[in-house]
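First the structure, in the form of structure tokens, and then the observations on it.
Residue numbers (my numbering), protein chains in the order written: chain H, 321 to 1172; chain V, 1429 to 1680.
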């Protein structure tokens, strides 16, 4: 039986190939993602253990609460260095600066590189500690010199002797490049730029005079790092933490790995979607071939093969196909890695990869997942094969297909379960994590249920789509329509594979369009200022002095800086982002929607008052008059009394609660504003005021850029679109698999109908007409998938938007996109039919009529 | 076949290999019900070639299916080699088919992806045993397929395919070989070859063969002809010629 199965797979190569293709893409995505993650993690491990190789002990501020804007924990007093040097066993110690809030600027004053990755100011340390290898030149020796990392130097074509400007918290300055340096073995840190300055100059530029971000220590010979760490820890304040070089490397590496973890998890999710879609194709292929091999199974049963043996041979075939496809998928994963790196590069994110890592874990997971999906998808067809009776071997070839009534029952049960899971995920639970646990499987069940039920929709839909085709194409059009209805569940499953991809695209597009619309509406409603000032990387904080400087410019009516800091709040789980407002000016910049209190409440805010976002208060049982107890990132405990509540959805100004900006800057260790809002005097010419502000910013705060509300909205839209393009690109693979599924079904059914096609040719149907018939059949199938998919996607989006309406989400259906998708599906149908149609039109009439 | 395989000829050599009593088979229900078999009792002794003939709809195929355990009677019972097969469940029936029965089909039913030789040994492989090369060579020789043993069915003529399928039916030394219109899809020359092979199996190896045919000429090669009309046996015995069979089939 084994040999029979293997022979069968080898003999039916085309079918095997197309089936394998369905598994191949999903496995390639999963294997590729695992390889990429391993490679990236390895690169980070390598680079940080290299940069820490000379460090026996490292001292940093103990991080209690992670910062929302990527800033490292606050710098500490430089005096610590003296205490460390006094510890027994310390051979050498040095303070350093490693600050991600600066901007390296090009000749035009623009931030170099791509939006997103941070720019670091690094304080030069003694040679033994330095993680840098100088390719050209030397480290900076005076306050007017800097060294630059090799990747930035290459991008900007900078060499030793050129000048470059770096802006930071302190006054921006132009430096002469003294050297080009490589960090360790030279792996790119997710596209970051590094400006290496002398230590005092780094401290000045980052506003960290008399402070360090880190102190690095080398032990005397014979002193174990572990031992020295304990000794150092005793000599420094408890707000600081001593780690061995190894521990420090692991921690630094972990931070970057965590950043990449989000990407790799999303990629894995897309891989699973692709496999799920592939499962439909496998199910369909095996269903069709099992039906076509009815007589063969019947004959094997007459020869004495047990049901178990029939089941075995079908499942074994599935396992072989799955195994081969998964093995190829692992190879394909290598290509996927290259594709993903290129894709992310085009979005400005460089993924470090010092070498491709194919771990045994990757191989075994990829093989296991691929084989299991193939076997699971072929289980139902295999069971159907076991129900073939020996008598069926004696019947005339061909035979009727009876649609299963159980299918509908199963579909209804699945749909009910899906609706329950989705409803529970959306409304029944508060935590995002458990919402996803219900939503993910819920949506999969929904797809399965719809796929099973869609057999019922094939009739009406193919009638609808087929009608114009029949008018256009005559008899072939009519035959095409009838053919798609001949075996409705087969058409439905083929269409379902396409349905999934389209449903997800429509869902994502509709949801994104809702996000866009609600953000724009919220801006229109709440935003009453003319300009918003923020860091040109759209992420890092801007110097607090910016607000003061802009306030003095002619034509400016008000300036309202907004800062954010993280805190842990007693009685509330998770880290909370707290807003810091300027009580005097915020009412000019924002229309606050007061629930309790009024604009006058802000005047009483003082150092210990807070206003809460109404929904956040309700969810966390915090009301006006209550006291909020919290711990800030500097480890300080603070308490605020709630004075009022406002409604702010989707959290433009505050998502939890707000305190005065002065109090936030003091208590939270925050040294910059997230953004600053500026309003103009009504009589002033807005263009002139904006020009004056831009001049001031360019001169004193090159990291800050100004944007009007229109620009802000456009930027928001563009950012969202970037993410959308990425999602579409990844979903495209699933859609591609589904299109292969259409090709596969067509080829199999043409094979099944060889005799019939021969007959059509014999009675005078032209080759062109045969091709047209197949093509229309393909278009009808694809359109059925697209229409059902668009419906499911829209339904999901509408329900999701409804569920989030309390968060300020407003429905907005992207009709043009949906129409485009439907047209594209028709085009895909035509494309899928090319090869099958050619094959069908080449049918030899005599042979086909003798065909058995 | 392995050596310790029990020999078929020993204990029941004298009694009939197959027998059935009062077989009835009804298709459909109520007014639309059709009695394909209306009380058939027969015995088939060892080493005989029996032909069941009758016009279409006479119930001859139904009789064969039930004798071979492929279909179940509405009433009545069938014994093969002393076992009442009408009392067996699906698993036991499968084993019986595998070990004691051989089949030859109208449409050959060879597995298209296997070679002639591989098709021939398929029943042995399904049973999880190793084919005996001497026996395989002998069978290939007998059916005249030695030089085409590596050919796929698509590379063989209809007659050649049917010869392979006869060899396949014989490979397990079954108690009975059932043949369902074995020449139905063949030209007369190939049909005669195939029939000659079945005849040879009966004469040289004492094989019991039961075949269904609607062709009087084919039936006249048999040791015994059973004529079935409307589910009832109307003739059972030797015949001299095709014309006689033809005449028997015309009788109401």
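Note that beta-carbon positions come from the ideal geometry of N, C-alpha and C, so glycine has one too.
Whether residue 526 of chain H touches residue 421 of chain H by CB criterion (9 Å): Result yes, Cβ atoms of residue 526 of chain H and residue 421 of chain H sit closer than 9 Å.
Cβ-based burial, residue 863 of chain H [other Cβ within 10 Å; buried from 16]: Answer is buried; the Cβ neighbour count reaches 16.
Integer Cβ distance of residue 1606 of chain V from residue 1638 of chain V, believed to fall under 8 Å: 5 Å between Cβ atoms; contact.
Buried or exposed (CB count within 10 angstroms, at least 16 for buried), residue 747 of chain H: It is exposed - the Cβ of residue 747 of chain H has fewer than 16 other Cβ atoms within 10 Å.
Proximity below 9 Å, CB of residue 355 of chain H to CB of residue 661 of chain H: Not in contact: residue 355 of chain H and residue 661 of chain H (Cβ atoms no closer than 9 Å).
Beta-carbon proximity of residue 676 of chain H to residue 650 of chain H, cut-off 9 Å: Cβ atoms of residue 676 of chain H and residue 650 of chain H: not closer than 9 Å.
Beta-carbon gap between residue 1023 of chain H and residue 395 of chain H smaller than 9 Å: Contact flag unset, no.
Residue 1602 of chain V versus residue 1626 of chain V - alpha carbon distance: One C-alpha to the other measures close to 13 Å.
Cutoff 6 Å; reference residue 1047 of chain H; Cβ partners in own chain excluding five residues on either side: So the list reads 828, once near-sequence residues are dropped.
Short CB-CB distance (under 9 Å) between residue 719 of chain H and chain V: In this prediction, residue 719 of chain H has a pLDDT of 44, which is less than 50 and means its spatial position is unreliable; nothing more can be read from the coordinates.
C-alpha distance - residue 1044 of chain H paired with residue 438 of chain H, whole-angstrom precision: Going from the Cα of residue 1044 of chain H to the Cα of residue 438 of chain H covers about 23 Å.
Chain-ordered neighbours of residue 327 of chain H on chain V, where CB pairs are closer than 7 Å: The contact set of residue 327 of chain H on chain V, defined by CB atoms closer than 7 Å, consists of 1541 and 1542 in chain order.
As assigned by DSSP and simplified to three states, the class of residue 948 of chain H: In the structure shown, residue 948 of chain H sits in a strand (DSSP, three-state: E or B).
Three-state class that DSSP yields for residue 1000 of chain H in the structure shown: DSSP places residue 1000 of chain H in strand when its eight states are reduced to three.
Interface residues of chain H facing residue 1483 of chain V [CB-CB closer than 9 Å]: The contacting residues do not exist; residue 1483 of chain V stays about 18 Å from chain H at best.
Beta strand (DSSP E) segments (min. 3 residues) lying fully within the stretch 1100 to 1142 of chain H: As far as the stretch 1100 to 1142 of chain H is concerned, it has no whole beta strand (DSSP E) run of at least 3 residues.
Local Cβ density within 10 Å of residue 780 of chain H, reported as buried at 16 or more and exposed below that: Its Cβ having fewer than 16 others within 10 Å, residue 780 of chain H is exposed.
Sufficient close CB pairs (3 or more, under 8 Å) joining the stretch 1009 to 1027 of chain H to the stretch 841 to 852 of chain H: Remark: three or more beta-carbon pairs, one from each stretch, lie closer than 8 Å, so the stretch 1009 to 1027 of chain H and the stretch 841 to 852 of chain H are flagged as touching.
Alpha-carbon to alpha-carbon, residue 1629 of chain V and residue 813 of chain H: Taking the straight line from one Cα to the other gives about 50 Å.
Alpha carbon of residue 1026 of chain H to alpha carbon of residue 1144 of chain H, nearest angstrom: Going by the C-alpha atoms only, they are around 40 Å apart.
Residue from H/998, H/512, H/516 and H/873 whose Cα sits closest to the Cα of residue 910 of chain H: Comparing C-alpha distances from residue 910 of chain H to each of H/998, H/512, H/516 and H/873 shows the shortest one belongs to H/998.
Integer Cβ distance of residue 988 of chain H from residue 952 of chain H, believed to fall under 8 Å: The Cβ separation is near 4 Å, so the contact holds.
Inter-residue Cα distance where the pair is residue 867 of chain H and residue 994 of chain H: C-alpha separation (whole angstroms): 11 Å.
Buried/exposed call for residue 483 of chain H, threshold 16 Cβ in 10 Å: Counting Cβ neighbours within 10 Å, residue 483 of chain H comes out exposed, since fewer than 16 surround it.
Test: residue 1444 of chain V CB closer than 9 Å to a CB of chain H: Not closer than 9 Å to any Cβ of chain H, the Cβ of residue 1444 of chain V fails to qualify, so no.
Beta strand (DSSP E) segment containing residue 1018 of chain H, residue limits: Where residue 1018 of chain H is concerned, there is no enclosing beta strand (DSSP E), although the alpha helix (DSSP H) it sits in stretches over 1006 to 1020.
Residue-chain proximity (residue 1479 of chain V, chain H), Cβ-Cβ < 9 Å: With 9 Å as the cut-off, residue 1479 of chain V does not count as an interface residue toward chain H.
Under 7 Å from the C-beta of residue 629 of chain H: neighbouring residues of chain V: Neighbours of residue 629 of chain H on chain V, chain order: 1554.
Local Cβ density within 10 Å of residue 534 of chain H, reported as buried at 16 or more and exposed below that: That one is buried.
Partners in chain V for residue 1229 of chain H, counting only beta-carbon separations shorter than 7 Å: Because chain H spans 321 through 1172 in this model, residue 1229 of chain H falls outside it and cannot be assessed.
Nearest-angstrom Cα separation, counted from residue 713 of chain H out to residue 1672 of chain V: C-alpha separation (whole angstroms): 32 Å.
Residue-chain proximity (residue 611 of chain H, chain V), Cβ-Cβ < 9 Å: No - not a single Cβ of chain V is within 9 Å of the one on residue 611 of chain H.
Whole-angstrom distance between residue 1538 of chain V and residue 1524 of chain V, CA atom to CA atom: Between residue 1524 of chain V and residue 1538 of chain V, the C-alpha separation is close to 21 Å.
Selection from H/361, H/842, H/399 and H/425 that minimises the alpha carbon distance to residue 855 of chain H: Looking from the CA of residue 855 of chain H, the closest CA among H/361, H/842, H/399 and H/425 belongs to H/425.
Candidates H/347, H/458, H/569 and H/378: closest to residue 370 of chain H by CA position: Measuring from the Cα of residue 370 of chain H, the nearest candidate turns out to be H/569.
Whole-Å CB distance - residue 1470 of chain V paired with residue 1448 of chain V, under 8 Å assumed: Right, their Cβ atoms sit about 6 Å apart.
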